Amino acid sequence: MSLGQIATLVAGEVSGDRDYLISALATLDSAEPGQLTFLANPKYASKLAHTRAGAVLVRAPELAQQIENAIIVANPYLAFAILTQHFIPDAVAPDTNIHPSAQIHPTAKLGDDVKIGANVVLEPHVQLGNRVRIDAGCVVGERSMIGDDCHLYANVSIYHDVAIGERGIFHSGCVIGADGFGFAPSKEGWVKIHQLGGVSIGDDVEVGANTTIDRGALDDTRIGNGVKIDNQVQIAHNVVIGDNSAIAGCAAIAGSTQIGRHCTIAGGVGIIGHLTIADHVHITAMTLVSKSILEAGSYSSGTALEPTDKWRRTAARLRRIDDMATQVTQIDKQLKTLYKKG
Amino acid sequence: MSLGQIATLVAGEVSGDRDYLISALATLDSAEPGQLTFLANPKYASKLAHTRAGAVLVRAPELAQQIENAIIVANPYLAFAILTQHFIPDAVAPDTNIHPSAQIHPTAKLGDDVKIGANVVLEPHVQLGNRVRIDAGCVVGERSMIGDDCHLYANVSIYHDVAIGERGIFHSGCVIGADGFGFAPSKEGWVKIHQLGGVSIGDDVEVGANTTIDRGALDDTRIGNGVKIDNQVQIAHNVVIGDNSAIAGCAAIAGSTQIGRHCTIAGGVGIIGHLTIADHVHITAMTLVSKSILEAGSYSSGTALEPTDKWRRTAARLRRIDDMATQVTQIDKQLKTLYKKG
Amino acid sequence: MSLGQIATLVAGEVSGDRDYLISALATLDSAEPGQLTFLANPKYASKLAHTRAGAVLVRAPELAQQIENAIIVANPYLAFAILTQHFIPDAVAPDTNIHPSAQIHPTAKLGDDVKIGANVVLEPHVQLGNRVRIDAGCVVGERSMIGDDCHLYANVSIYHDVAIGERGIFHSGCVIGADGFGFAPSKEGWVKIHQLGGVSIGDDVEVGANTTIDRGALDDTRIGNGVKIDNQVQIAHNVVIGDNSAIAGCAAIAGSTQIGRHCTIAGGVGIIGHLTIADHVHITAMTLVSKSILEAGSYSSGTALEPTDKWRRTAARLRRIDDMATQVTQIDKQLKTLYKKG
Chain E
95 MSLGQIATLV
105 AGEVSGDRDY
115 LISALATLDS
125 AEPGQLTFLA
135 NPKYASKLAH
145 TRAGAVLVRA
155 PELAQQIENA
165 IIVANPYLAF
175 AILTQHFIPD
185 AVAPDTNIHP
195 SAQIHPTAKL
205 GDDVKIGANV
215 VLEPHVQLGN
225 RVRIDAGCVV
235 GERSMIGDDC
245 HLYANVSIYH
255 DVAIGERGIF
265 HSGCVIGADG
275 FGFAPSKEGW
285 VKIHQLGGVS
295 IGDDVEVGAN
305 TTIDRGALDD
315 TRIGNGVKID
325 NQVQIAHNVV
335 IGDNSAIAGC
345 AAIAGSTQIG
355 RHCTIAGGVG
365 IIGHLTIADH
375 VHITAMTLVS
385 KSILEAGSYS
395 SGTALEPTDK
405 WRRTAARLRR
415 IDDMATQVTQ
425 IDKQLKTLYK
435 KG
Chain H
95 MSLGQIATLV
105 AGEVSGDRDY
115 LISALATLDS
125 AEPGQLTFLA
135 NPKYASKLAH
145 TRAGAVLVRA
155 PELAQQIENA
165 IIVANPYLAF
175 AILTQHFIPD
185 AVAPDTNIHP
195 SAQIHPTAKL
205 GDDVKIGANV
215 VLEPHVQLGN
225 RVRIDAGCVV
235 GERSMIGDDC
245 HLYANVSIYH
255 DVAIGERGIF
265 HSGCVIGADG
275 FGFAPSKEGW
285 VKIHQLGGVS
295 IGDDVEVGAN
305 TTIDRGALDD
315 TRIGNGVKID
325 NQVQIAHNVV
335 IGDNSAIAGC
345 AAIAGSTQIG
355 RHCTIAGGVG
365 IIGHLTIADH
375 VHITAMTLVS
385 KSILEAGSYS
395 SGTALEPTDK
405 WRRTAARLRR
415 IDDMATQVTQ
425 IDKQLKTLYK
435 KG
Chain W
95 MSLGQIATLV
105 AGEVSGDRDY
115 LISALATLDS
125 AEPGQLTFLA
135 NPKYASKLAH
145 TRAGAVLVRA
155 PELAQQIENA
165 IIVANPYLAF
175 AILTQHFIPD
185 AVAPDTNIHP
195 SAQIHPTAKL
205 GDDVKIGANV
215 VLEPHVQLGN
225 RVRIDAGCVV
235 GERSMIGDDC
245 HLYANVSIYH
255 DVAIGERGIF
265 HSGCVIGADG
275 FGFAPSKEGW
285 VKIHQLGGVS
295 IGDDVEVGAN
305 TTIDRGALDD
315 TRIGNGVKID
325 NQVQIAHNVV
335 IGDNSAIAGC
345 AAIAGSTQIG
355 RHCTIAGGVG
365 IIGHLTIADH
375 VHITAMTLVS
385 KSILEAGSYS
395 SGTALEPTDK
405 WRRTAARLRR
415 IDDMATQVTQ
425 IDKQLKTLYK
435 KG
């Protein structure tokens, strides 16, 4: 693709040779001639002088002047994101759209132009939209519905009564609709609460590898439109996640918690059950959220990293902080007495 | 089902119309006419006045009087749990009990009335009890035994020499019997300790989606009767878990640790290796257990949630708590000197 | 195997009967006559007096004298590790090396003596080395290469353009090469950054069950030689892990972080993105690493375990530590004033 063609895709302006051909995208550090890179963070502007890149996506004409070929765009990172879809490597087309080893129940309804891989199992009354692609080894349970243009990578498990919107991406090993963790204690041990709700997932949702989203106990677990979920995230029964929130790897959200819209939840965060999290809340890595958050903003818990020896002393002192606080109060009182006296 | 029939199932007493028909279970907030809900927590009693539910499971006659139809039971939550199994949606029966695409080794022994899904693989000498159901894509390794009435959902992986009791439920993507993480350091790098033990799982155990339970190094990893394990839990080699303990999502238990009976381990908890945890221990979310717990009770670690700016100051102060403690001790000494003086 | 034969395997010396036959390995506590165990930790030496083991691997002749049969080796734990591979239970050989249900694309290239299980899918241009074993239900994507003597257990998912060295072990449910979590924010929501890099994995790597290693955004995610990764570990796009590092269960490493060689990362550790971790760094369980670590050593974060009531007070005090520090500074000042006064 020429720089001119690329500029059109991202509504940018070429500075340099419009006919220069780009064969690949690359990072600023590793880009070679013939490759296009981007400068998103102004603090790396000095790297422009040394890059071997064929061209760079930049924010401003003065940056473009430092290199031979550039495309000037309002948001280089977004432009780069948009371009990535044009550089996906070609795949060998399958001989047939529906692999002969796939097990498709006669009551399943398939849209136009679906692609079903080897050993896929579609159970009774499954509905697939148009252009849905389901890779090898996936299993979709009874009555589940998958919207237009969804892509399930290999070995995804979808239970029964799951409804998925359009353009969803589901990575290998994710499990949608397993039973929520619900038991009533009794004298004879835990009695299972069969999970009678389903899972409802909006449009443009991406779900990472080995992520689990449980079905609801009675009502559905609900994932909004545009929600992005990384790998190994656990979403418990009856959680509700608002539109366009993003959840990074290994985060876990316990039962019935409601997350607002446009939230970002960093890796390893835990949110306990039955909480409400407002819109535009950001939670930093490995934070435990143990109460509702009703105001937008950034929230954290945990302690700073230290060498283990030093940390041991810190942790031991912290365990006695209550005593220390009492001591300080006492000292303060004594000091005030002394002052009065003297 | 009529309220009269339902009352019989839960040993309760109808207040109102015994012939009133119930078509579904629902939450107190969303229940409609024709639906049955429950009031377990007395603090929500005021909701009874507004519910549109056809009937409610309640604890006491005075609560029943607030609504037209009710069932009075000693434990409404337990009664609700018992009823959930009567409202599981019907599934289309497969054409055959053993799907023709299943790969069952001739040495495998199958009980009566088993159901084997598409692409299931049963390796040599596998033994299945009566009424075992194994869904599509599951693989069961050599010599593994699965007791009566177990259900493996799609894409479960069971390694060789795993023994599972009766009535177990295994959700999609769980892996039972993978190698424990054991290596001996040597000058040439890590030398693998082949894991020669197995996994032994009791009766009435439920294992969540994408949970992993490793095989033992020499002896077995052992899970007691009635143990309930949520999604994405990691149980390392030679862990022993006592009867009726429950482990919530994303918890991890390191090698050779022994957990007692009737424990509850909340989400994201980590327990390091070679510890002993007594019976009736409860551990709160995301706690790190770094030493044995020999007395029943509730245990925690971690810090409270704060706005990130405030949290940064807290974390920075905490890192200097040792200095602060020294300063307080010194102040105390000086103050005592002053007192003596004067 | 006789003690004499075993001694040869581990370069040890028999003390006692060279012809004594060993049928199994066992722990010091559970070993029976005919079984071999080991004494690695000198603090358990007193157990030698009571063991029923047929023979024990020990470090020194004086220990060997306490029991009838022993093998004296420089490193009993390493000797035990080496011996484990000789006690792996025999498996029934499959009727054919390539199961008839496997779906192997005609462009795939297979080395000599490969073993391909039921329902395995090898996509176009996959390359397998010699003696590669791929168990049932695995899917390997286009152009991926798997080196000699690798073993993929059941239901592993390998995406396209993944390169794996020799002697690798991949446990069930692990996913190699799923998309990294990359999105650019825009007014219309998150725009996906298609992940155009691959994954490159060295020789002698072991990857645990349900672990996920994402493909790179532009460059590859890279795992060095001899790296050992436990279950449910998450490795994000463009992470680099140095040779012989070991990562325990449920750890997570965020995007573009570089880990040195010979590091050990304990269970549940989280490392945020774009950091550098030096060689020989050890991180204790559930630590959050939020800045680069440039010096070898052991590092930690978090707080000590406490009974929940006590912990609540500690956490509440900690939240006010900034105020306490201010108070202490003030007291100190007042005290100094008093001293000056007289």
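Protein chains in written order, with this note's numbering: chain E, 95 to 436; chain H, 95 to 436; chain W, 95 to 436.
Ideal Cβ positions, reconstructed from N, Cα and C, are used throughout, including at glycine.
These numbers come from a predicted model, not from an experiment.
With 16 or more other Cβ atoms from the protein chains shown falling within 10 Å of its own Cβ, Tyr171/E counts as buried. Taking 7 Å as the cut-off between beta carbons, the residues of the stretch 375-409 of chain H near chain E are Ala379, Met380, Gly396, Thr397, Ala398, Leu399, Glu400, Pro401, Thr402, Trp405 and Ala409, in sequence order.
In this chain, Pro279/E is not harboured by any alpha helix (DSSP H); it is covered by the beta strand (DSSP E) spanning Phe277 to Ser280.
Note on Ile182/W: under 16 other CB atoms within 10 angstroms of its CB, so exposed under the neighbour-count rule.
Counting C-beta atoms within 10 angstroms of its own C-beta, Tyr138/E has fewer than 16 neighbours from the protein chains shown and is therefore classed as exposed. In terms of CA proximity to Val269/E, Tyr253/E leads the group Tyr253/E, Lys209/E, Leu115/E and Gly128/E. Between Asp337/E and Gly320/E, the gap from beta carbon to beta carbon is short of 9 Å. Neighbours of Lys137/H across chain E, judged by C-beta separation under 8 Å, do not exist; the nearest C-beta is about 13 Å away.
DSSP, read as helix, strand or coil, puts Tyr138/E in helix.
Interface with chain H (9 Å Cβ-Cβ cutoff): Ile329/W is excluded. DSSP places Gly98/E in the uninterrupted alpha helix (DSSP H) bounded by Leu97 to Leu103.
For the stretch 161-226 of chain W, the continuous beta strand (DSSP E) assignments of 3+ residues that do not extend past its boundaries occur at 164-166, in sequence order.
Of the candidates Ala348/H, Pro401/H and Ala342/H, the residue whose Cα lies closest to the Cα of Ile377/H is Ala342/H.
Distance between Val293/H and Gly274/H, taken at the CA atoms: about 11 Å.
At a C-beta separation below 9 Å, Ser124/W has these neighbours in chain H: Leu312 and Asp313. In the three-state reduction of the DSSP assignment, Val363/H falls in the coil class, being assigned neither a helical nor a strand state. When only Cα atoms are considered, Asn304/E and Val152/H end up about 40 Å apart. The Cβ of Glu236/W sits closer than 9 Å to at least one Cβ of chain E.
Secondary structure at Glu260/E: coil, using DSSP grouped into helix, strand and coil. Put simply, the CB of Val422/H is near chain E, with a gap under 9 Å to one of its CB atoms.
Here the C-alpha atom of Gly223/W lies approximately 15 Å from the C-alpha atom of Ile192/W. By the C-beta density criterion, Gln159/W is exposed, having fewer than 16 other C-beta atoms within 10 angstroms. Between Ile166/W and Leu97/W, the CB-CB gap reaches or exceeds 9 Å. Check the Cα spacing between Ser384/W and each of Glu389/E, Asp373/E, Thr397/E and Lys385/E: the tightest is with Thr397/E. Between the alpha carbons of Arg355/E and Gly296/E lies a distance of about 13 Å.
Beyond the five residues adjoining it in sequence on each side, Val375/H comes within less than 7 Å, by CB distance, of Gly354, Cys357, Ile387, Ala390, Gly391 and Tyr393 in the same chain, given in chain order. Sequence-distant partners of Asp229/H (beyond 5 residues in either direction) whose C-beta falls short of 7 Å from its own C-beta, in its chain, are Gly211, Leu246, Tyr247 and Ala248.
Relative to Gly367/H, the option among Asp373/H, Leu382/H, Ile359/H and Thr351/H whose CA is nearest is Thr351/H. Using a Cβ-Cβ cut-off of 9 Å, Leu246/H does not count as an interface residue toward chain E, since no Cβ of chain E sits closer than that to its own. The beta-carbon of Glu300/W is placed less than 9 Å from the nearest beta-carbon of chain H. Taking a beta-carbon distance threshold of 9 Å, Gln179/H counts as an interface residue toward chain E. One finds Thr178, Gln179 and Ile182 in chain W with Cβ atoms closer than 7 Å to the Cβ of His288/H, taken in chain order. In the displayed model, Gln328/W falls within a strand according to three-state DSSP. Taken atom to atom, the span from the alpha-carbon of Gln99/W to that of Gly110/W is near 13 Å. Cβ contact annotation for Ile365/H (same chain, cutoff 6 Å, sequence separation greater than five): Ile347, Thr351 and Val383, in chain order. Among the residues facing chain W, Tyr253/H is included, as its CB has a counterpart in that chain under 9 Å away.
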